[in-house]
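First up is the structure itself, then whatever we jot down about it.
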Amino acid sequence: MTGKIYPEGTEWDKLARDYLAEFGDLTVMERCWSQYKHLHPVLERFNQTVAEIMTSSFAEMVAISQQFRNLPNTSEAEKMELRTIKRYLKRKVFNYDCRAKGCTPHQGVISKFFQKKMEELNVHTCFYCDMAYINPFVDGADTKSQFDLDHAIAKGNCPITALSLHNFVPSCPVCNQRLKHKKPLAANDADLMSVAPCSEQFDADKNIYFKVVQAKAYSGGFMKHQENYAVKVVASGKYDTYAKLFHLEERYEFHKGEALRLLDLKRKYPTSNLKKIANMLHKTTEEVREDIFGLGFSKEHHRCFDKMKRDIL
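To convert, take the position in the sequence shown, counting from 1, and add 428; that gives this note's numbering.
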């Protein structure tokens, strides 16, 4: 939630090359794509190679999706052709998870790629909610994934972008399977460009804000009166739909103790007290602040609830 998934510039170029190198059947995919476009001239408008589509920017990927949605789909013949095209592409060219006979799914290859690139991509907590750790774990001789890869642009709507690297959002099963599932991230492409964590324009850090509200003031401490406090999510514009889609406010309410504990510490250790402790320990005030609140540790080591903690303090 606090940053973009993918790097830009030369870092992205290297990541894209590494991604393509994982696909041992890329040449076969390119040949199938080229041959199928000749069979269905309606696809000739897509002049990109498979490799170019798989490593396109998010903006380019959205444009490809728009083109695909605009394919002729009025007459019965056009509808039948479009169904045939979708079925073939998701099985033979841009196959993510179809396991029909003669098909080669790439879901496992892509998952392994993300496992290897976890640190490079800063994949540690769910990019949608920041509430759950998403990490690989070792099970015997195998490394397995404790995360989902959600498609920002549904592969059922546009099979051409099903393998595009910029289409993947590492997320927790709750966000991907139970809440978003097949629902779109945004009402239109312009909004999607802003709210998809895999987009170059994503900036939830500035557009989603957490705060603690209360019915009335208590002097006995926050944790002692948890029932009187609630976590509220303030989301601006199109990010309001994003916050509601993932039920951020309702889910963070269950974990409000994380926020209230910090507020108790903040009341107990105002700046004046931090300065006194710093003088006694021969430390800086900021060093003592970090020792007590641990915000630097939380950010550097990608702890859950990092965004909420920084907002309330």
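All C-beta atoms, glycine included, are put in the ideal place defined by N, C-alpha and C.
Residue nearest to residue i in terms of C-alpha spacing, selected from the options
i	options	result
C531	Y516, Y667, K540, S539	Y516
K634	T512, R473, T477, V661	V661
K432	S503, E472, Y524, Q629	Q629
D441	S484, C460, N475	S484
H730	M559, L448, R527	M559
H579	K737, V456, P612, A449	P612
G648	A528, I513, R689	R689
Y447	R606, S539, C600	S539
C626	E450, W461, F486	F486
P500	E488, I513, M489, A491	I513
L607	R497, S493, H466, R679	R679
L510	K465, I581, N475, T669	K465
T713	M508, T699, K529	T699
G584	R497, Q642, E504	R497
Sequence-distant residues of its chain with Cβ nearer than 7 Å to residue i (five each side left out)
i	result
H452	According to the sequence as given, residue 452 is Gly; it is not His. Nothing listed; no residue qualifies.
V551	F542, I562, P598
R738	L723
C526	K518, R519, P533
E681	A658, V659
S592	I481, M482, S484, M489
S664	N635
Inter-residue CB distance, residue i and residue j (contact presumed, cutoff 8 Å)
i	j	result
K544	P587	Actually they do not touch by this definition, with Cβ atoms about 26 Å apart.
V640	I720	That belief does not hold up - the Cβ atoms of V640 and I720 are roughly 18 Å apart, past 8 Å.
T477	E506	Contact flag wrong, Cβ pair sits at about 26 Å.
Y667	A615	The pair is not a contact, with the Cβ atoms about 13 Å apart (cut-off 8 Å).
I705	A671	Between A671 and I705 the Cβ distance is about 37 Å, and since that is not below 8 Å, they are no contact.
W461	V521	5 Å
T589	I481	7 Å
Y434	H594	6 Å
F650	M736	Incorrect: roughly 14 Å between the Cβ atoms, too far for contact.
Q494	D617	6 Å
First and last residue of the uninterrupted alpha helix (DSSP H) at residue i
i	result
K703	699-709
Y680	676-682
V478	478-482
D668	667-673
Q605	First-last for Q605: undefined, no H or E at that position.
L443	437-449
S622	617-623
Y516	504-516
R497	486-497
Q463	454-467
K727	723-728
Sequence-distant residues of its chain with Cβ nearer than 6 Å to residue i (five each side left out)
i	result
F596	L577
C557	C603, F674
Q535	Y524, D525
V716	L702, I705, A706
A444	T483
F575	I562, P598
Span of the beta strand (DSSP E) around residue i
i	result
L549	No beta strand (DSSP E) contains L549, which DSSP labels as neither H nor E.
S599	596-599
Y637	636-642
V659	657-663
D578	576-579
Residue i beta carbon near the ligand GTP (any heavy atom closer than 6 Å)
i	result
K660	For the ligand GTP, the structure offers nothing, since it holds no ligand at all.
Same chain, Cβ closer than 8 Å to residue i, five either side skipped, listed in chain order
i	result
C732	T553, D558, M559, A560, Y561
E677	V659, K660, V661, A671
Closer than 7 Å to chain D by CB, residue i
i	result
H468	The structure shown contains no chain D; it holds only a single protein chain.
**Message:** Quick check: the region 556-566 against the region 459-473, are at least 3 beta-carbon pairs closer than 8 Å?
**Reply:** no
**Asked** Okay, do the region 652-667 and the region 684-694 touch, 3+ Cβ pairs below 8 Å being the bar?
**Response** yes
**Item:** Contact between the region 616-625 and the region 692-706 (3+ Cβ pairs under 8 Å)
**Value:** By the C-beta criterion, the region 616-625 is judged not to be in contact with the region 692-706, since fewer than 3 inter-stretch pairs fall below 8 Å.
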